[in-house]
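Q: Input: one structure, supplied below.
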Amino acid sequence: MKYDKVRNFINGEFLKSESRESLEVTSPIDGNLLSEVPLSTVGELNRAVASAKVAFKDWSEAPIKERVQIFFRYRHLLEKYSDELTELVSEENGKTLDEARAEVDKSIELTEFACSMPQLVSGEILEVSKGVECRTEHFPLGVVASIVPFNFPLMVPNWTMPNALVLGNTMIMKPSELVPLSVQRMAEILTEAGLPKGVFNVVNGAKEVVEGICTHPDIEAVSFVGSTKVAKIVYRQATNSLKRCIALGGAKNHLFVLPDANPEMTASNVAASMSGCAGQRCMAASAMLAVGDVRTIIEKVCEEAKKIVPGENLGAVISKEAKQRIEGYITEAEEQGARVLVDGRRARVRGKENGTYVGPTVIDGVTPDMAVAKEEIFGPVISIIRADDVDQAIEIENANPYGNAAAVFTQSGGLARYIIERASAGMIGVNIGVPVPREPFSFGGWNESRFGANDITGKSSIEFWTKLKKTTTKWNPEARTNWMS
Ligand code: NAD
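Each number in the working numbering corresponds to the 1-based position in the sequence shown with 278 added.
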C-alpha cells in the first residue's frame, strides 16, 4: 500500500477511525493499491460536528477580512504544492496529468473568488423614512456539510469549502470513498495555512455518514454533488430534517450541431468535450444532435476521436464496474441497430493491464428511445442522434429529465439565440463544448441536475451559505414616525 490508511480530520487532528470497516483505494491507472479508507461511524461524525460547533463561535465572530487572510495563504500553498497535488489527483482518480493540473488551477481560481468575498458581501443601507435607516448584513449559518463525488477529488471540494468558510461557517466534509486522498491533503494544507482547529473537519465513509449528516440536529445546511439518484435521497432527507440543501445531480448534455458550424472547431470541441476526464464530467458532451446534413463534421469528429489514445491523452475510468457499465451501453446500442463508428471497447494500455480504460467511442444512428440517448453514461462516449430541423432537436433535448448543460455549434447568431432560449439546461455554450461558467459566474444546472435554490459556486453561493439580517434603526426622537416605521 503506497499511502497510510486514510484518517479523519476532527478538531484539527488526524485521527485513525474507530471503525473496523474499510474499503481499498486503488488507482484506476494501473489497479495498484494506494490506501484504505475507513467507513467511519456516526459517533465519529457526532464528534466532528461537536468540534465544528465549538469552533463556530470564534470563527464566525472574526471579521471577514481576518478570515480571508488564511485563504490567501491557502491559495499560495495550492500553487506551491501544485505538482504534488496534480500527481495525487491523477493517481487516485485516473485522469491525465494535464487534466489533474487543470483541477488544481481551478481550485486556485475558486479560492481567489473566496478571497474576494469581503468586496462582495457588504450589505445595503437606505434611509427608508426620515431619520430611519434599514441595513442588511450576511450572517453565517453555523455548521454546514459538503458531500462530494469521485470525479473531481480536489476541485469539487473547493467549490464549497473556501466560500462557506470565508463566509463564517464551519464545515464537515464527506469525501468520495473512491478518492479520499486529495481531501486529506487539503486538510493538511489548510492547517499549514493557519486555519483554527474545528473549522474544517473531514469524516470519511459512505451512506451511513451521509445519512448521519442529513439528519444531524446541529448541521444547518447540506451541499451535495453526485448522481441524481443520491441527490434525490440527500435532498429529501436533509429538507425533511428542515435543513437548507442544494443537491447537484447527474447530467446528459446535448450538443446541437448545425450544418453551418465551422467543421474543424466543432469536431475538435465535440471530441474534447466527450472524452475529457474520460467522459466523467457532469459537463461532458454525451449526445450530439446532428441537425440536417452534417456528414463532414461527423467524419471529422471520428478523425479527432481517433487521435485520443488511452494512457496518453485519455485517462482511465474510475473502476472495473464503470468500465463494464460503459461498454455495456455501447454493446446494447449496437444490438439495437446503432453503428459504432469509433469503438473504445477492449482498450488496453501496455504495462497497465489492470488499468480501467475505455477508448473514445462515437455511435451514430442512435434513436431517442435507446438507453445511450437517454441515460448518463459517464464515459468517453458520444451518441449521435439525427434531427431534421432545429425544432426537432430542441424537442429531443427538452424531453431529457436532466438539464445541466447544452451547447450549440453554428455561425448564425440568430439560430444560436433561438436554441439558447429554448434548451432546457442551466449552462449553455455557443461553439464551446464544456460551458463551465468561470468565477464570478455561478455553477448549477436545471431540472434533475440540481435540487434546491441557488447555484453552488460564484455569487449565488453567498445566498446559500448565509442568512440575511435586516436591521431598522432610529436614533433621533424628533424624527417623525409614520405607520411604516
Ligand atoms: P454518487 O452519487 O455515487 O456519490 C456521491 C457521494 O454520495 C459520495 O460521497 C458517496 O459516498 C455518497 N453516496 C453514494 N451512495 C449513497 C447513498 N445511497 N446514500 C447516501 N450517500 C451516498 O456519485 P459519484 O459516482 O461519486 O459521482 C459521479 C456523479 O456525480 C455523476 O452522476 C455526475 O454527473 C455527478 N456530478 C455532478 C456534478 C454537478 O455539478 N451536477 C458535478 C460532479 C459530478
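Idealized CB from N, CA, C, for every residue including glycine.
Per DSSP, which one or two residues make a beta bridge with Lys-747?
A: According to DSSP, Lys-747 bridges with Glu-415.
Q: The beta strand (DSSP E) that contains Phe-687, what's its start and end?
A: Run containing Phe-687: 683-687, per the beta strand (DSSP E) assignment.
Q: Below 8 Å between beta carbons: does that hold for Ser-297 and Ser-318?
A: Against a cut-off of 8 Å, the Cβ pair of Ser-318 and Ser-297 comes out as a contact.
Q: Helix, strand or coil for Ile-524? Go by DSSP, reduced to three states.
A: Here Ile-524 sits in strand by DSSP.
Q: Applying the criterion that 16 or more other CB atoms from any shown protein chain within 10 Å of the CB defines a buried residue, is Glu-344 buried or exposed?
A: Glu-344 comes out exposed.
Q: Distance cutoff 8 Å, beta carbons only. Does Asn-676 sit that close to anything in chain D?
A: Absent from the structure is chain D; it holds one protein chain and no more.
Q: Go ahead and label Arg-522 buried or exposed: buried means 16 or more other beta carbons lie within 10 angstroms of its beta carbon, across all protein chains shown.
A: With 16 or more Cβ atoms within 10 Å of its Cβ, Arg-522 is classed as buried.
Q: Under 7 Å: does the beta carbon of Val-595 sit that close to some heavy atom of ligand 1?
A: The answer is no for Val-595.
Q: In the DSSP output, what is Pro-588 paired with across the bridge?
A: Leu-592.
Q: Cβ of Val-426 versus every heavy atom of ligand 1: is any distance shorter than 7 Å?
A: Answer for Val-426: yes, Cβ within range of ligand 1.
Q: If you reduce the DSSP assignment to three classes, tell me which class Ala-563 lands in.
A: DSSP places Ala-563 in strand when its eight states are reduced to three.
Q: With DSSP as the reference, label Arg-664 as helix, strand or coil.
A: Arg-664 falls in the strand class under three-state DSSP.
Q: Name the DSSP bridge partner or partners of Lys-752?
A: Beta-bridge pairing links Lys-752 to Val-410.
Q: Pull up the distance between the alpha-carbon of Leu-323 and that of Val-481, whole angstroms please.
A: For Leu-323 and Val-481, the distance between alpha carbons rounds to 6 Å.
Q: List in chain order: all unbroken beta strand (DSSP E) runs of 3+ residues lying wholly within the segment 411-491.
A: You should have 421-425, 448-452 and 478-480.
Q: Compare the C-alpha of Gly-730 against each of Arg-514, Ile-672, Ile-576 and Pro-679 and name the closest.
A: Closest option to Gly-730, Cα to Cα, is Arg-514.
Q: Roughly how many angstroms lie between the CA atoms of Ala-520 and Lys-745, to the nearest whole one?
A: The question names Ala, but residue 520 is Leu in the sequence shown. Each residue's alpha carbon lies about 15 Å from the other.
Q: Report the start-end ranges of each beta strand (DSSP E) in the segment 585-660 that is 3 residues or longer and not cut off at the edges.
A: Entirely contained in the segment 585-660, the beta strand (DSSP E) runs reaching 3 residues are, in chain order, 617-620 and 639-642.
Q: Tell me, please, which residues DSSP counts as bridged to Ser-546.
A: For Ser-546, which the question treats as bridged, DSSP gives no partner whatsoever.
Q: Report yes if the C-beta of Asn-526 is less than 7 Å from at least one heavy atom of ligand 1; otherwise report no.
A: Asn is not the amino acid found at residue 526; the sequence shown has Leu there. Checking the Cβ of Leu-526 against ligand 1 gives yes.
Q: State the CB to CB distance for the pair Val-477 and Pro-435, rounded to an integer number of angstroms; the pair is presumed to be in contact (CB under 8 Å).
A: Between Pro-435 and Val-477 the Cβ distance is about 15 Å, and since that is not below 8 Å, they are no contact.
Q: Would you say the beta carbon of Glu-489 comes nearer than 7 Å to a heavy atom of ligand 1?
A: Yes, the beta carbon of Glu-489 sits closer than 7 Å to at least one heavy atom of ligand 1.
Q: Could you compute how far the alpha carbon of Lys-280 sits from the alpha carbon of Ser-313?
A: Each residue's alpha carbon lies about 6 Å from the other.
Q: Which word fits Phe-334, buried or exposed, when buried means at least 16 other C-beta atoms lie within 10 angstroms of its C-beta?
A: Phe-334 is buried by the Cβ-count criterion.
Q: Under 7 Å: does the beta carbon of Ser-394 sit that close to some heavy atom of ligand 1?
A: No, the Cβ of Ser-394 stays beyond 7 Å of every heavy atom of ligand 1.
Q: Between Cys-580 and ligand 1, is there a pair consisting of the residue's CB and a ligand heavy atom that are separated by less than 7 Å?
A: Cys-580: no, Cβ never under 7 Å from ligand 1.
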